[in-house]
Amino acid sequence: MNIKNTLRRKVLIALTAVMMVPFSNSMAASLSEMPSGAYDLDLTHASVLWKVSHLGFSTYIGRFENFDADLVLDTQDFTKSSVDVEIQVDSLETAFPFPEKEDFNKKLSMEWFKGGEFPTINFVSKKVSALAEDNTFTIEGDLTLMGNTHPVTLDAKLNGFTPSHPFKKVPLIGFSAVTTIDRTVWGLSNYAPNIGADVKVEIEGEFTMQAK
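In our numbering, the protein residues as written are 457 to 668.
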């Protein structure tokens, strides 16, 4: 068997193994099979995107590259779960073209978000709703941006989970969440409303259980 065929065979075996992992989509009924406890964010499978109107002609999209989240999962009573998120402002990233890209990103993070004075954006959950039949739920909490704290509600979805990660062999759970905030409420009012005041934030995250 040549090298190419050997590699192809290994890839197929790996893909088959992943597809056979017992991911669950019946959520509420079987979530109790998962262990409760502290879970760490898997940054290789996570993202924080923001979207804002640019003069009404397009939706401008950016993201933050450096962030973390601590999840405390209660699988017996999902409403007792909680999440704490911290985003590093200086990790702001856009698709602005080179060579001005670095200067533009720095201008946004330092001048718009005042990253020198307020280096982090924080979200702390206060209330988590029960899972609905379609696996959706809400997360109510406080968002702190530029030194100002205001309540925010995330519309979230439990995407799936497994008691054994296909490679790490630890419990794994994945979520999506979205919210829209009026950035001017936090004092981030540059060029509003021409550059949209409403900012849509989309979050994706996979979490693995902390090693004991």
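Virtual Cβ for every residue (Gly too), placed ideally from N, Cα, C. For clarity, every value in this text was computed on a predicted model and none was experimentally measured.
1. Check whether the stretch 545-555 touches the stretch 511-521, taking contact to mean three or more Cβ pairs, one atom from each stretch, closer than 8 Å.
2. From S537 to N591, what does the alpha carbon distance come to, in whole angstroms?
3. Taking DSSP as the reference, what is the three-state secondary structure of A667?
4. Would you mind working out which of L599, E589, D598 sits nearest K613, comparing C-alpha positions?
5. For the beta strand (DSSP E) holding N578, just list the boundary residues, first then last.
6. Got a sec? Which residues, its chain only, sit under 6 Å from F574 by beta carbon, not counting five neighbours each side?
7. Is V584 closer than 7 Å to D611 when the C-beta atoms are compared?
8. Identify whether N615 lies in helix, strand or coil by the three-state DSSP scheme.
9. Candidates F579, G572, M566: which alpha carbon is nearest V504's?
10. Looking only at its own chain, which residues have a Cβ that is under 7 Å from the Cβ of A502, when we skip the five neighbours before and after it?
11. DSSP three-state call for F552: helix, strand or coil?
12. Using the DSSP secondary-structure output, state which residues sit across from D540 in a beta bridge.
13. On the DSSP bridge list, what partners appear for W506?
14. Could you tell me which residues DSSP pairs with N604 in its beta bridges?
15. Need the endpoints of the beta strand (DSSP E) that F631 sits in, please.
Here's the rundown:
1. With the rule of 3 Cβ pairs closer than 8 Å, the stretch 545-555 counts as touching the stretch 511-521.
2. Numbered from its first residue, the sequence shown carries residue 537 at position 81. Numbered from its first residue, the sequence shown carries residue 591 at position 135. Between the alpha carbons of S537 and N591 lies a distance of about 15 Å.
3. The residue you call residue 667 lines up with position 211 of the sequence shown. Reduced to three states, the DSSP call for A667 is coil.
4. To locate residue 613, count along the sequence shown from 1; it is residue 157. Cα-wise, what sits closest to K613 is E589.
5. For the purposes of this step, residue 578 is taken as the residue at position 122 of the sequence shown. In the DSSP annotation of this structure, the continuous segment of the beta strand (DSSP E) that includes N578 starts and ends at 576-584.
6. Position 118 of the sequence shown, counting from 1, holds the residue named residue 574. Residues M602, G603 of the same chain have their beta carbon placed closer than 6 Å to that of F574, with the five preceding and five following residues left out of the count.
7. Mapped onto the sequence shown, residue 611 falls at position 155. Mapped onto the sequence shown, residue 584 falls at position 128. By the CB criterion at 7 Å, D611 and V584 fall outside the cutoff.
8. Taking the first residue of the sequence shown as position 1, residue 615 is located at position 159. In this structure, N615 counts as strand in the three-state DSSP scheme.
9. The count along the sequence shown starts at 1 and reaches residue 504 at position 48. Ranking F579, G572, M566 by Cα distance to V504 puts F579 first.
10. The sequence position of residue 502 within the sequence shown is 46, counting from 1. So the list reads E660, G661, E662, once near-sequence residues are dropped.
11. The residue labelled residue 552 in the question sits at position 96 within the sequence shown. In the structure shown, the three-state DSSP call for F552 is coil.
12. The residue given as residue 540 occupies position 84 in the sequence shown. As DSSP reads the structure, D540 sits in a beta bridge with D526, V580.
13. Along the sequence shown, read from residue 1 onward, the residue named residue 506 stands at position 50. In the DSSP output, where bridge partners are listed per residue, W506 has G518, V657.
14. Walking along the sequence shown from the start, residue 604 turns up at place 148. The secondary-structure analysis by DSSP pairs N604 across a beta bridge with L601.
15. Within the sequence shown, residue 631 is the residue found at index 175, counting from 1. Boundaries of the beta strand (DSSP E) harbouring F631: 628-638, taken from the DSSP string.
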